[in-house]
Structures are given as structure tokens and as C-alpha cells.
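Numbering (this note's numbering), first residue to last: 1 to 263.
Ideal Cβ placement from N, Cα and C applies to all residues, glycine included.
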């Protein structure tokens, strides 16, 4: 699991990636019977979009990410919000066996992977996580909506056109958020011996042009970021393509694919 999401990319990630509504946290808590005695591992935690709100629901959260800049922002945000039960660990999916030895077997209520499974080896991860999980706990693969440039909406098509003009090639990456990606998650969880459940949370939310463009840059590796001039030009191009509109409505579907560990 190597992302290259350091430097300015981490800042874009923190500023422009969506968090999660309470209904998503409710669904996670219900799926794994999470409570005040539980520990949750958030693997590929980024800047804490899921880790931080989860900390209010459980005894402790361990956020794991391979990017020091992501973790630095997550740690600073936790301090700013007065969250004292979150720990931040530099690591990846390959470190899960060591994490099991560190915190002890059958001690974790849930291991979450939010918008990061496409960087990981599903089969190896899901197998390695089993000793970590308490009975009734499990793994949740969370997809926080579709990529901004692939949605079935006029604003998304406009964004994609502007992005393709800037990059000079078609933009089709779906970050495995589509049905094929969900199928891979489902089949890998079942192969690893988990009981499979799936749920979703739908909501509408405002999306500014700044968040559209910042969201695009948050998905690029640091070495591929355009120049500052190109970034400003993309924002202007998107506003022009939208006829001067600065805020649209995004229809967000948060999908939770849960694998429940047996006793």
C-alpha cells in the first residue's frame, strides 16, 4: 500500500474530502455491535475523516496510514478537537500481522478501510485481520460515494471534460468504487470466511467548485500535481463550464461492505 499522497496532496485531502454523516457511524456500530469498550483500527485512515468521528463511539481508534503528512494532519485535527483516544500509526495493510501481535489477538471490534481498498491486497489483508478481531467484530470496506468525475450528473460531466482537457487524455479511473470493485470485496471477504453483509447510506450535500477541484487534486500523487497556474486555470474552466454556478448538489451513496467474524 503506497499512495504518494504526501505534501500538498495531504492538505487537499484534509480540506476537500467529505466526512461521514452520523448514519454511517450508526451502521458501523450496529454491524459490529461497537460500544464504549471497543478498539477500532482505521486502515488507510488518511487525515481522519472516519477515524475522528468514530473516536466518539468507542474506547480507542488506531489510525494507520503510510503517509506521514496524512497522519500529521490527523493528529493535529484530533488535538484541535480535544480527541484523546486516537492513536496514529505509520504503516500499511502489510503491517496488520504485526499490529495483531502488538495489541493482542481478538481485541479489535472493527477494522475499517475507507476509500483505500484499491491500494491493498484484499485476500492477504482479510486473512491477516482475522486473529485481530473479537467475535462479532469484523471488517468494513467503505466507499464514500463515486469519484467526482464519474457521476451521472451534468456538473460531473462538466468537471470530467475540463479535467481531460487539462490532462490531455480520458479520465476513467473509478478507484474500484463500481460494481466490479464491490464484487471483488464481497468475494474476498467470503473467501476469508467472513459472514457478509452490505448496507448503504444516501444523502444530498452541497458541493462547491473549490471542493470539486480540490477533491480532484486530493486523488493525485504529489509528483503528478499540476502547477499552481494550471490548478487555477482548471477551477476557472470548471466555473465557466457550469455557467458561473459555484455550488451544486452531490447525491452521495456511502456503501458499507461488512465481513463479520465468527466466534
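(1) Whole angstroms is fine: what's the gap from residue 158's alpha carbon to residue 116's?
(2) Rounded to whole angstroms, what's the CA-CA distance from residue 229 to residue 155? Just pull it up for me.
(3) Please report the straight-line C-alpha distance between residue 109 and residue 153, rounded to a whole angstrom.
(4) For my contact list, residue 97 and residue 78 are in at a C-beta cut-off of 8 Å; report their separation, rounded to the angstrom.
(5) Measuring straight from C-alpha to C-alpha, what distance separates residue 76 and residue 55?
(6) Counting along the chain, where does the alpha helix (DSSP H) carrying residue 187 start and finish?
(7) Here's a check: name, in chain order, each residue in its chain whose Cβ is nearer than 6 Å to the Cβ of residue 248, leaving out the five neighbours to either side.
(8) Whole angstroms are fine: how far does the CA of residue 162 sit from the CA of residue 239?
(9) Among 237, 213 and 141, which residue has its Cα nearest to the Cα of residue 13?
(10) Roughly how many whole angstroms lie between the Cα atoms of residue 37 and residue 257?
(11) Do you know offhand how far residue 40's Cα is from residue 65's?
(12) Whole angstroms are fine: how far does the CA of residue 119 sit from the CA of residue 1?
(13) Quick check: residue 62 and residue 10, are their CB atoms within less than 8 Å of each other?
(14) DSSP state of residue 218, grouped into three classes?
(15) Can you list, in chain order, the residues of its chain whose CB lies under 8 Å from that of residue 204, leaving out five sequence neighbours each side?
(16) Under the rule that 16 or more other beta-carbon atoms within 10 Å means buried, what is residue 147, buried or exposed?
(17) Using the three-state DSSP reduction, which class does residue 77 fall into: helix, strand or coil?
(18) Figure out for me which residue from 132, 113 and 82 has the closest Cα to the Cα of residue 102.
(19) Need the endpoints of the beta strand (DSSP E) that residue 135 sits in, please.
Reading off the structure:
(1) The alpha-carbon atoms of residue 158 and residue 116 are separated by roughly 26 Å.
(2) Computed Cα separation, rounded: 22 Å.
(3) Spanning the two alpha carbons is a distance of roughly 38 Å.
(4) A Cβ-Cβ distance of about 26 Å is found for the pair residue 97 and residue 78, leaving them out of contact under the 8 Å criterion.
(5) Near 15 Å, if we compare the C-alpha coordinates of residue 55 and residue 76.
(6) That run of the alpha helix (DSSP H) goes 179–191.
(7) Only 155 and 207 meet the Cβ criterion.
(8) Rounded to whole angstroms, the gap between the alpha carbons of residue 239 and residue 162 is 10 Å.
(9) Answer by Cα proximity: 213.
(10) Taking the straight line from one Cα to the other gives about 23 Å.
(11) Taken atom to atom, the span from the alpha-carbon of residue 40 to that of residue 65 is near 14 Å.
(12) Reliability fails at residue 1, whose pLDDT of 47 lies under 50, so the model's placement of it is uncertain and the value that follows must be treated cautiously. Whole-angstrom Cα-Cα distance: 5 Å.
(13) No, they are not a contact pair.
(14) Three-state DSSP puts residue 218 in a helix.
(15) For residue 204, the CB contacts under 8 Å within the same chain, skipping 5 residues up- and downstream, are 249, 250, 251 and 252 in chain order.
(16) When all chains shown are included, residue 147 counts as buried.
(17) In the three-state DSSP reduction, residue 77 falls in the helix class (H, G or I).
(18) For residue 102, the nearest C-alpha among the options comes from 132.
(19) DSSP places residue 135 inside the beta strand (DSSP E), whose first and last residues are 133–144.
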